[in-house]
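This report refers to the structure that appears directly beneath it.
Number of protein chains: 2
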Amino acid sequence: MTRTPRERMVLSAAQLVRIQGVAATGMRDVVAHAEAPRGSLQHYFPGGKDQLIAEAVTWAGDYVARRVSRVAAKIEDPTPGKLFEAMVAHWRDEFTAQGYDAGCPLVATVADTAATSDDLREAVGKAFDGWQRPVAAALAELGVPGARSESLAVLMLSALEGAIVLARAHQDVAPLDTVVAELRPLLDGAVSARRE
Amino acid sequence: MTRTPRERMVLSAAQLVRIQGVAATGMRDVVAHAEAPRGSLQHYFPGGKDQLIAEAVTWAGDYVARRVSRVAAKIEDPTPGKLFEAMVAHWRDEFTAQGYDAGCPLVATVADTAATSDDLREAVGKAFDGWQRPVAAALAELGVPGARSESLAVLMLSALEGAIVLARAHQDVAPLDTVVAELRPLLDGAVSARRE
DNA sequence: GGGCTACCATGACGGACGTCATGAAGGAGG
DNA sequence: CCTCCTTCATGACGTCCGTCATGGTAGCCC
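Residue numbers (my numbering), protein chains in the order written: chain A, 1 to 196; chain B, 197 to 392.
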């Protein structure tokens with residue numbers, strides 16, 4: 001489980017971005033948080049801050065994609081609505097347990113850098129794609145018709161991200177519960193019937 | 197239409213936050229963008245940057261609330277789905293006309309400051325409330341039962357905010373169109389029937 | 001053993017930041 | 001005319017930023 005200093009720096013960058021955003025997260029903050037040697041920065045990330053943040057974003061995208069696949073496989077008697085509920089539950093649990101300090105690193109990166117760095121914006125775009133893919137695949141496997149599963153995956157990501165922002169602003173998980181309650185019937189109604 | 201320097205500074209702060217986020221937006225940037233005298237900063241905003249950003253957030257909340265009411269009154273043969281479509285269309289039009297540089301200032305402020313400034317976080321929370329209120333009121337007037345109208349307003353805000361983030365990351369309005377297409381039947385189905 | 005590469009340490013540089021101190025215009029009211 | 005208050009101007013301070021230059025260690029390979 002002991003990670004290399006390089007990995008620790010990427011993970012720390014992702015965590016700090018979740019809390020403070022990109023601009024407010026300094027490289028010195030990252031090495032301190034990662035308990036990594038400062039001299040390693042220019043060695044592992046010759047591309048500077050943009051490279052470090054880009055790797056953090058990519059890591060976050062991979063992480064959430066893996067988690068969706070894992071969670072989708074673990075639901076018993078799964079339906080699209082239950083999948084969405086499980087995705088949201090992860091955030092609900094974290095907010096109630098850890099507080100509302102940390103949000104989604106992809107949202108923070110878009111908000112801070114979409115207009116100033118094409119590289120970072122594209123990294124976030126790919127991370128979102130990598131997240132959307134397993135969601136759409138899980139929906140398809142549950143019986144949602146092909147084209148529809150992509151649309152519903154976009155809706156799920158959008159509603160979740162938006163509800164996360166609302167929940168942080170209000171310091172209350174209610175928006176998360178609301179979007180789940182309102183979306184579940186719609187999602188479950190999208191399976192092409194014909195079952196059992 | 198000529199605004200006072202103070203108003204111009206608040207508006208410029210809001211616009212710059214939409215593009216760069218809070219941390220990357222300097223006070224010198226704001227006065228330059230507002231073509232305002234730098235010395236006025238400490239005079240009009242003795243509370244410093246936090247006060248300036250808080251006023252920008254509050255202004256943005258008031259602005260979007262007014263616009264919702266105005267747009268809701270202008271739709272012919274209105275339905276909840278059409279209201280949502282009209283709200284999203286504003287962003288769709290701006291993205292296609294102006295590009296994807298500017299996002300929602302409330303999202304940017306939450307992402308950058310939710311963990312570090314209670315004042316700013318609360319200002320954003322109130323701004324979201326001020327936005328949600330006219331949406332829920334419009335839904336109620338269209339025949340959506342009371343409790344449900346609040347829930348659907350939360351869903352609409354969440355889906356819109358999330359879709360804005362996705363659209364910026366992908367430089368494509370498709371997520372906006374997708375959430376409208378998927379949510380319209382749900383929204384229109386929520387009116388308590390009994391009509392004509 | 002010499003050389004090469006990977007990794008880490010440290011200090012400096014130039015610039016930008018938010019804030020503040022100080023002071024000057026300029027009109028209003030006495 | 002003189003004073004007061006709003007508004008603006010300007011320069012400075014201390015701090016932090018991202019980046020870079022330089023050099024030191026440690027291990028592997030010939």
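Where is the CB? At the ideal position from N, CA and C, for every residue including glycine.
Using the C-alpha atoms, what's the distance from R8 (chain A) back to T2 (chain A)?
-> 9 Å
Where S192 (chain A) falls: helix, strand or coil (DSSP) = coil
Listing by chain order, which chain B residues have their CB less than 8 Å from the CB of D112 (chain A)?
-> Q216, G217, A219, A220, A304, A307 and D308
Just the C-alpha distance for R214 (chain B) and V253 (chain B), rounded to the nearest angstrom, thanks.
-> 10 Å
Within 10 angstroms of the Cβ of S388 (chain B), are there 16 or more other Cβ atoms? Answer buried if so, exposed if not.
-> exposed
Would you say Y63 (chain A) faces chain B, with C-beta separation under 8 Å as the test?
-> no
Contact list for F95 (chain A) against chain B, beta-carbon separation under 8 Å | Simply none; closest approach about 11 Å.
Determine the DSSP secondary structure at G26 (chain A), reduced to helix, strand or coil.
-> coil
Taking Cβ-Cβ distances below 7 Å as the criterion, which residues of the stretch 335-358 of chain B are in contact with chain A?
-> S347, L348, V350, L351, L353, S354, A355, L356, E357 and G358
Taking only beta-carbon positions, decide if D101 (chain A) is within less than 8 Å of chain B.
-> yes
Output yes or no for whether 8 Å exceeds the beta carbon distance between V306 (chain B) and E251 (chain B).
-> no
In terms of alpha-carbon separation, which member of B:G217, B:R202 and B:G243 lies closest to R234 (chain B)?
-> B:R202
Would you please verify whether the beta carbon of H286 (chain B) is less than 8 Å from any beta carbon of chain A?
-> no
Can the beta-carbon of A332 (chain B) be found less than 8 Å from the beta-carbon of A349 (chain B)?
-> yes
Applying the criterion that 16 or more other CB atoms from any shown protein chain within 10 Å of the CB defines a buried residue, is E392 (chain B) buried or exposed?
-> Low per-residue confidence applies at E392 (chain B): pLDDT is 40, beneath 50, and the placement is therefore not dependable, though the value from the model is reported in the following sentence. Exposed, because fewer than 16 other Cβ atoms sit within 10 Å of the Cβ of E392 (chain B).
Please look up how many angstroms separate the CB atoms of A310 (chain B) and A169 (chain A), rounded, as I've assumed it's under 8 Å.
-> 7 Å
Would you mind telling me which residues of chain B sit closer than 7 Å to A36 (chain A), beta carbon to beta carbon, in chain order?
-> Chain B residues near A36 (chain A): none, gap ~22 Å exceeds 7 Å.
Helix or strand or just coil, what does DSSP make of L302 (chain B)?
-> helix
Rounded straight-line distance, which links the Cα of G26 (chain A) to that of L106 (chain A) = 17 Å
Measure the CB-CB distance between E346 (chain B) and C300 (chain B) and report whether it falls below 8 Å.
-> no
Give the residues of chain A in contact with E378 (chain B), contact being defined as C-beta atoms less than 7 Å apart.
-> S151, L152 and L155
Taking 7 Å as the cut-off, does the CB of Y259 (chain B) come closer than this to any heavy atom belonging to the ligand NAP?
-> With respect to small molecules bound, the structure shown includes none, and the ligand NAP cannot be examined in it.
Three-state secondary structure assigned by DSSP to A232 (chain B) | coil
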